Amino acid sequence: MSDSLPVVLAQALPVPAGRPVSDFASDVGTLLVDHPEARLVAYPELHLCGVSGTDAERLEQLQAAAEPLDGERTRQLAQLAGDLKIWLAPGSVCERGPAGQLFNTAQAFSPQGKMVSHYRKIFPWRPFEPYDPGDRFVVFDVPDTGRVGFSICYDAWFPEVARHLAWMGADLILNPVQTTTRDREQELVLARANAITNQVFVVSVNTAGPFGFGKSIVVDPEGRVLAEAGVEPEVLALTLELGEVARVRREGTAGTNRMWDQFTESDAPLELPLYQGRIDPGRWRPREGGES
47 MSDSLPVVLA QALPVPAGRP VSDFASDVGT LLVDHPEARL VAYPELHLCG VSGTDAERLE
107 QLQAAAEPLD GERTRQLAQL AGDLKIWLAP GSVCERGPAG QLFNTAQAFS PQGKMVSHYR
167 KIFPWRPFEP YDPGDRFVVF DVPDTGRVGF SICYDAWFPE VARHLAWMGA DLILNPVQTT
227 TRDREQELVL ARANAITNQV FVVSVNTAGP FGFGKSIVVD PEGRVLAEAG VEPEVLALTL
287 ELGEVARVRR EGTAGTNRMW DQFTESDAPL ELPLYQGRID PGRWRPREGG ES
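Take any residue in the sequence shown, count from 1 to its spot, add 46: that is its number in this note's numbering.
What follows is the structure in structure tokens.
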């Protein structure tokens, strides 16, 4: 088993909604010419659903771009990943839900040409985003390498998301972003905080300027910044050693902190009034092998 995962992150401008997937396929192909070592290629939030105009015009374009998960766009993206033999996270897309909902949905496609995971944004940025919220946390496995969890943009502001993904066994949290507002600096702090408090890798890939504020970032399980982009279109390429997650949890952050060992099974449960629930010490540590 190799825990090395070469990733390529495309901090790019959005592709206008309605543009054929073949145009995107050309972009990915060009990227791989420069980075043939890539196993996972990731793009920003709503990368294939770029819209413009007034609020009403943007909503109309988003509604028009929405497709069901089994639609033609998904089929073409799966074929692209299979043709290129890569793990592809093309950024989130507008999904038409089974009851007519409008979801902001991230997808992951395998080198075998299959959609292996999809995640609906749990925390749309209200009142500014029109999406219906998702209702579950999602992780997927890159066989013989590690486990990846999805969050989308504003989800990063809610520590429950990153904590739950880590508890589900994620070694890497992939956070596609479309931040066009001046709070990107705060998001960079949150990326490091979520990595530190959960001892996971965090990858936050944002839309490029001048549309967005860029500054995509890669953080290791101890909170060190491994790579950070500027504002304009840029590609970050590096190899993540996902085995570092196990080492940091074993030895402690900075050789000191082991928060996943905080509770013992002899401790009393800790009540969480906010959630009408509790921390059960026997269920505190991260799951393995899909256990929940």
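We put the beta carbon where it would ideally sit given N, CA and C, even for glycine. Predicted, not measured: the structure shown is a model, and the values here were computed from it.
Where residue i falls, given that 16 or more other Cβ within 10 Å makes a residue buried
i      : result
Ser338 : Confidence is the limiting factor: at Ser338 the pLDDT is only 45, short of 50, which leaves the residue's position unreliable and the question unanswerable from this model.
Ala300 : exposed
Gln224 : buried
Lys261 : buried
Pro332 : buried
Pro315 : exposed
Asp201 : buried
Arg182 : exposed
Thr76  : exposed
Ser50  : exposed
Thr191 : buried
Gly336 : In this predicted model, Gly336 has a pLDDT of only 44, less than 50, meaning its place in the structure is not dependable enough to derive any value.
Ala216 : buried
Phe155 : buried
Arg324 : exposed
Gln322 : exposed
Leu318 : exposed
Thr120 : buried
Val79  : exposed
Identity of the residues DSSP links to residue i by a beta bridge
i      : result
Asp50  : For the sequence presented, residue 50 should be read as Ser rather than Asp. DSSP, once it has assigned bridges, lists Glu287 as partnering Ser50.
Ser342 : Since the displayed the chain opens at 47 and closes at 338, residue 342 lies outside it and no answer follows.
Val187 : Looking at the sequence provided, one finds Asp at residue 187 rather than Val. Answer by DSSP bridge pairing, in chain order: Arg193.
Leu92  : Bridge partners of Leu92: none, in fact.
Asn240 : Looking at the DSSP assignment, Asn240 forms no beta bridge with any residue, so it has no partner.
Gln344 : No answer is possible for residue 344: the residues shown for the chain start at 47 and end at 338.
Thr299 : Asn303
Gln57  : Glu280
Distance between beta carbons of residue j and residue i, contact taken as under 8 angstroms
i      : j      : result
Ala135 : Ala152 : 7 angstroms
Phe247 : Val265 : 7 angstroms
Arg304 : Arg295 : 7 angstroms
Gln245 : Val281 : Not really, about 27 angstroms apart at Cβ, beyond 8 angstroms.
Tyr177 : Asn221 : Not confirmed; about 16 angstroms, so no contact.
Ala112 : Arg142 : 4 angstroms
Leu108 : Leu148 : 7 angstroms
Leu55  : Val249 : 6 angstroms
Given residue i as reference, the closest of the options once Cα atoms are compared
i      : options                           : result
Val185 : Trp171, Pro205, Ser312 and Trp213 : Trp213
Glu278 : Arg295, Leu272 and Gly258         : Gly258
Arg270 : Pro319, Gly276 and Thr243         : Thr243
Val67  : Leu51, Leu94 and Val54            : Leu94
Gly96  : Val291, Ser138 and Ile132         : Ser138
Ile168 : Ala154, Leu211 and Ser156         : Leu211
Gly128 : Gln158, Leu105, Gln147 and Gly143 : Gln158
Ser312 : Gly328, Arg230 and Leu318         : Gly328
Val74  : Gln122, Leu130, Ala273 and Arg193 : Leu130
Ala145 : Pro114, Arg121 and Leu123         : Pro114
Asp187 : Leu108, Ala241 and Ile219         : Ile219
Arg238 : Thr226, Gly180 and Ile263         : Ile263
Gly117 : Cys140, Leu55, Val54 and Trp133   : Cys140
Three CB pairs or more closer than 8 angstroms across the stretch 269-286 and the stretch 78-87
Counting C-beta pairs with one atom in each stretch, the stretch 269-286 and the stretch 78-87 have three or more that are closer than 8 angstroms, which means they touch.
For the stretch 249-263 against the stretch 57-70, do three or more pairs of beta-carbon atoms, one drawn from each stretch, fall closer than 8 angstroms, so that the two count as touching?
Between the stretch 249-263 and the stretch 57-70 there are three or more C-beta pairs closer than 8 angstroms, enough to call the two in contact.
contact_flag[the stretch 158-165, the stretch 90-101] where n(CB pairs < 8 angstroms) is 3 or more:
Short answer: they don't touch.
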